[in-house]
Amino acid sequence: MTTGRPLTLFDKLWRSHDILEEDEDHILLWIDRHFVHEGSFHAFDKLRARQGKVARPDLTFAIADHYVPTRQRQKGAADPDVARMIDQLAENAADHRLQMFGLDDPRQGIVHVVGPEQGLTLPGLSIVCGDSHTATHGAFGALAFGIGASDVSHVLATQTLWQRRPKPMRITVEGDLADGIGAKDVILSIIARIGANGAAGHAVEYAGSTIRDLSMAGRMTLCNMTIEAGARFGMVAPDETTFAYLAVRPYAPDGSLYERAVEDWRLLTSDDGAEFDAEIALDAAEIAPIVTWGISPEDALPITGSVPTPASATSEEQGRHLELALDYMDLKPGAPLKSIAIDHVFIGSCTNARIEDLRSAASVLSGRRARVPGLVSPGSQAVKRQAEEEGLDRIFTSAGLEWVDSGCSMCVSMNGDIVPPGVRCASTTNRNFRGRQGPGARTHLMSPAMVAAAAVAGHLTDVRPMLAERGGK
Amino acid sequence: MQPFTTLSAVVVPLPMANVDTDQIIPARFMRKSRAEGYGDYLLRDVRFDEQGQPRGGIALDDTAYAGAQIMVAGRNFGGGSSREAAVYALVDFGLRCVIAPSFGDIFTNNAVKNGLLPARVDDEAARRLIAAAETQPGRSITVDLPSQTIDLDGHKLPFDVLPNHKTQLIEGRDDVDLTLRHRQEIADWVALDRARRPWALPNSQ
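Line by line, the protein sequences give chains P and C.
Per my numbering, the first sequence starts with residue 58, numbered consecutively.
Per my numbering, the second sequence starts with residue 49, numbered consecutively.
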């Protein structure tokens, strides 16, 4: 670097992809990896309409996840419309000679689980996908962000994207998380504090000792939900945890190229004295297990709390939101959160379906029975095999939960895995929006351990006493 | 894409915060081809119950607001999922401008790509516009993009839009054509980058 000005991690990533600048709001970025999925068909249609070709098929990977069946996969999708979505992706991938991780591929899974797992995600890369949870890959110190169909089409045609530079924001979390508390509780605490659009227009770097101590899975959970705070970019500086994770991944560099890469990746940190447009600090000791009660991820509170009352609203708009949320969720103002009975649980999604997440849920469910039905969908088929080797599948099925194949499943309910109207679901997913898990479905977001605890209790509950019974694990 | 300069049209209120893109278009409609039109699916589950009956109380379905091309909504409109289909639903319904105190970042990008103006106003202006639209159903307002103002009975309410979005909307330009004009610069950059970051390509195994 020629200037002496201290740089943020984000500055370094941005600069290393900046091809040219028309003006400060119109910067052409190079894209290192592009993931497409079934929903990307609009973008392929646009490309076809201009008789375009995919500029860099070697950097474009097609992964079936949004619409894939999770049950009886060998029979294919139950609904012909859904089956067509998967076939269409395979056809587009074949037409443009893209690498495809399709329904029958042992590497198939959710794009934000598979990319890292296969070593396609690396520090220092720019990564895009027509999916807002693409910030997940930022956990490796990558510039990763979600885009819409027009932008997907632009990347297909040019392997570049015009962007405006977001403003760097740093969220620092210091201290040790107590037993039973993890990355999901950290990110829900952040969203509750700054709001569902509190980080809009920003690129968020997560820093501090709490973040450094997180596994790659935890860091991915954190970065994944950055969009739920309004920012498209979330990132963590790469370190030994990152390098160790990548040392054994098929698409990651190996041998001397890996050594060279690690040397470069070590430089991907925010310099001392680097300036951020916004800074937020949290104390890990103050973070309790969090659940959402409403219809926006910002409607989140510690499990020890109560359902808010409309009288607590600080503005007319917030009052209206509260009423709408209480009505949709069918909750009594002031009721303790622990008194909310649930009908169903879901463990899965790009937020919380990695092996560490499944182990965490299984540690609570082991030797216990769920009082409600539920679905467990691993983040990838590789995670599924690993879990089966460890015997986690038997813990889930013995508890009475259904163990199925990998996909977006009941997080977005495009494949037919639906929470029925009026049914209340404790879910490890990322969005409690109205109708997200199915029309009329009621979603409470929380960590895998908290979902497991809710399954055992039949109502929202604090996982900590259940873990204490196991000797503080 | 149709360029956007000035628009005088009926304004329809949607006085709700956090109208995410899952609300704007529920996932189950997203497998339809765009050619079929997405307008019927706009805010489907907000407007209609499970039997397909109108829930009532939604201005979008009130004939007094027929032909509306401008919508005014609450904070954080279009947050959440990156689905561009949310913009298709708004555009296919006939809307060309959404006014709100804040928008989802991906939504604004998608909107501009489809000629839909996301106009950011302060909370007070949003309240005034919602009140005007509610008390005088079917009334028109004028949104002027070059001057970034909304004319409400002679009062000029300023709005924000990102400079690059403003240019794109006014020119109705196609990004891919613009990019392809830079083909040589891109190729030169890629050649340099190959030496700078030799590890950046996927391992071909």
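C-beta: ideal position from N, C-alpha, C; glycine also.
The structure displayed is predicted, hence computed values, not measured ones.
Over what stretch of residues does the alpha helix (DSSP H) that includes residue 186 (chain P) continue unbroken?
No alpha helix (DSSP H) holds residue 186 (chain P); the beta strand (DSSP E) holding it covers 183-186.
Proximal residues to residue 221 (chain P) (C-beta, below 6 angstroms), its chain only, five neighbours per side dropped:
82
Which residues, in chain order, does the region 300-334 of chain P contribute to contact with chain C at a C-beta distance below 8 angstroms?
307, 308, 309, 310, 311, 314, 315, 317, 318, 321
Starting from the C-beta of residue 315 (chain P), find all residues in its chain whose C-beta is less than 6 angstroms away, skip the five residues before and the five after it, and write them out in chain order.
none
Residues of chain C with CB closer than 9 angstroms to the CB of residue 172 (chain P), please, in chain order.
By Cβ distance, chain C contributes nothing, its closest Cβ being about 11 angstroms from residue 172 (chain P), past 9 angstroms.
Around the Cβ of residue 83 (chain C), are there at least 16 other Cβ atoms within 10 angstroms (buried) or fewer (exposed)?
exposed
Residue 167 (chain C) versus residue 155 (chain C) - alpha carbon distance:
12 angstroms
On the DSSP letters alone, give me the boundaries of the beta strand (DSSP E) that residue 217 (chain P) sits inside.
217-220
Scan the region 254-267 of chain P for residues whose Cβ lies nearer than 7 angstroms to a Cβ of chain C and list them as they occur along the chain.
254, 257, 258
Thinking just about the alpha-carbon of each residue, which of P:493, P:517, P:527, P:515 is nearest to the one in residue 72 (chain C)?
P:493
Find the residues of chain C that neighbour residue 87 (chain P), judging by a C-beta separation of less than 9 angstroms, and give them in chain order.
234, 237, 238, 241
Using the beta-carbon of each residue, which ones in chain C are nearer than 8 angstroms to residue 434 (chain P)?
Neighbours of residue 434 (chain P) on chain C: none; closest Cβ ~16 angstroms, over 8 angstroms.
Indicate whether at least one CB of chain C lies closer than 8 angstroms to the CB of residue 225 (chain P).
no
Could you compute how far the alpha carbon of residue 154 (chain P) sits from the alpha carbon of residue 140 (chain C)?
33 angstroms
Whole angstroms are fine: how far does the CA of residue 266 (chain P) sit from the CA of residue 322 (chain P)?
19 angstroms
Mapping DSSP to helix, strand and coil, what is residue 530 (chain P)?
Any reading at residue 530 (chain P) needs caution, since the residue's pLDDT is 43, under 50, leaving its predicted position unreliable; the model's value is listed next. Coil, per DSSP.
Step through the CB atoms of chain P and report whether any lies within less than 8 angstroms of the CB of residue 154 (chain C).
yes
Kindly provide the ranges of any beta strand (DSSP E) runs that are 3 or more residues long and lie completely inside the region 391-460 of chain P, ordered along the chain.
401-404, 431-433
Check each candidate in P:197, P:388, P:399 and name the one with the smallest Cα separation from residue 326 (chain P).
P:197
Can you have a look at residue 496 (chain P) and say buried or exposed, based on whether 16 or more other CB atoms are within 10 angstroms of its CB?
buried
Taking CB distances under 8 angstroms as the criterion, tell me whether residue 469 (chain P) reaches chain C.
yes
According to DSSP, residues forming a beta bridge with residue 355 (chain P):
In DSSP, residue 355 (chain P) forms no bridge with anything.
Reducing DSSP to helix, strand and coil, say where residue 166 (chain C) ends up.
strand
Considering only the alpha carbon of each residue, which of P:336, P:268, P:96 lies closest to residue 204 (chain P)?
P:96
Going by beta carbon distance, what residues of the same chain come within less than 7 angstroms of residue 53 (chain C), once the five residues before and after it are set aside?
193, 194, 218
Rounded to a whole number of angstroms, what is the C-alpha to C-alpha distance between residue 227 (chain P) and residue 183 (chain C)?
44 angstroms
When we look at the beta-carbon of residue 240 (chain C) and count the other beta-carbons within 10 Å, is it buried (16 or more) or exposed?
exposed
Using 10 angstroms around the beta-carbon of residue 267 (chain C), count the other beta-carbons present and answer buried if the total reaches 16, otherwise exposed.
Here chain C comprises residues numbered 49 to 253, so residue 267 (chain C) is not present and cannot be evaluated.
Chain P contacts made by the region 168-201 of chain C, where a contact means CB separation under 7 angstroms
none
According to DSSP, simplified to helix, strand and coil, what is residue 214 (chain C)?
helix
Using a Cβ-Cβ cut-off of 8 angstroms, state whether residue 526 (chain P) counts as contacting chain C.
no
Quick check on residue 513 (chain P): does DSSP put it in helix, strand or coil?
helix
Hey, residue 360 (chain P) and residue 517 (chain P) are a contact pair by Cβ (cut 8 angstroms); roughly how many whole angstroms apart?
6 angstroms
Beta-carbon spacing of residue 168 (chain P), residue 122 (chain P) below 8 angstroms
yes
Report the neighbours of residue 142 (chain P) on chain C: residues whose CB is nearer than 8 angstroms to its CB, in chain order.
79
Are residue 400 (chain P) and residue 421 (chain P) touching if we call contact CB-CB under 8 angstroms?
no
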